[in-house]
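Q: To start, I am sharing the structure in question, which I have written as structure tokens.
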Amino acid sequence: MTERGNSIVIIADLDADTVRQMLLFMYLDALDKLEYESAKKLYFAADKYDIVSLKHRCSNILKQNFLQSKCCDILLLADLHGDTDLKNVVKDYIANNGEEVLFSDDWKDLEEKEPQLTTEVFRFIYMKKRGK
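Okay, here's the thing in structure tokens:
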């Protein structure tokens, strides 16, 4: 983000709609209806600019509109942004719907790229099955 003496703020890493949504929330405490990709981008922006209440709201939107097809993506997003609550929702979903997720191409990609994260999920599933 840069501002040069002309009262223009340039935020190069966010698209215009994400910035508009962020400002709408900051000034009016309101959000338009968000689709998955928009919620994900806004979640990233909220975390980056430390807008905790917006990050929480986006996290709730991602939880409420949870899609199995985006499960690995949301798990990685939650892990990268330190969102334990969102991560636990995804891990719980995987524990209850293992075959749908664990045999998907997305999961195989995640295992290759983030082996520690997938190991964490397996530990979670194991502990859940043991009732701990």
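Okay, so the sequence shown: first residue is 1 according to full-length UniProt numbering, each after it adds one. In this text, a Cβ means the ideal position worked out from N, Cα and C, and glycines have one as well. Note that the structure is a prediction, hence the values are computed from the model and not measured.
1) Around the C-beta of LEU23, are 16 or more other C-beta atoms found within 10 angstroms, so that it is buried, or is it exposed?
2) If we call anything under 8 Å between Cβ atoms a contact, is TYR93 one with PHE122?
3) Going along the chain, which residues of its own chain have a beta-carbon closer than 7 Å to the beta-carbon of ILE61, five neighbours each way excluded?
4) Say yes only if the C-beta of LEU75 is nearer than 7 Å to one or more non-hydrogen atoms of the ligand GDP, and no if none qualify.
5) Tell me the DSSP secondary structure of ILE8 in three-state form.
6) Does the beta-carbon of ALA30 have 16 or more other beta-carbons within 10 angstroms, so that it is buried, or is it exposed?
7) State the DSSP-derived secondary structure class of ASP13, mapped to helix, strand or coil.
8) Give the single residue among CYS71, ASP13 and LYS41 whose Cα lies nearest to the Cα of LEU86.
9) LYS113: which of ILE125, PHE124, GLY131 and LEU80 sits nearest, CA to CA?
10) Indicate the three-state DSSP secondary structure (helix, strand or coil) for CYS103 in the structure shown.
11) For the alpha helix (DSSP H) holding PHE122, just list the boundary residues, first then last.
12) In the DSSP assignment, find the unbroken alpha helix (DSSP H) run with SER59 in it and report its ends.
A: Taking the structure as given:
1) When all chains shown are included, LEU23 counts as exposed.
2) no
3) Hits under 7 Å: LEU34 and ALA39.
4) In terms of ligand content, the structure shown is empty, and the ligand GDP therefore cannot be addressed.
5) Under the three-state reduction of DSSP, ILE8 is assigned to strand.
6) exposed
7) coil
8) CYS71
9) LEU80
10) Sequence check: residue 103 is Phe here, not Cys. In the structure shown, the three-state DSSP call for PHE103 is coil.
11) 115-129
12) 52-64
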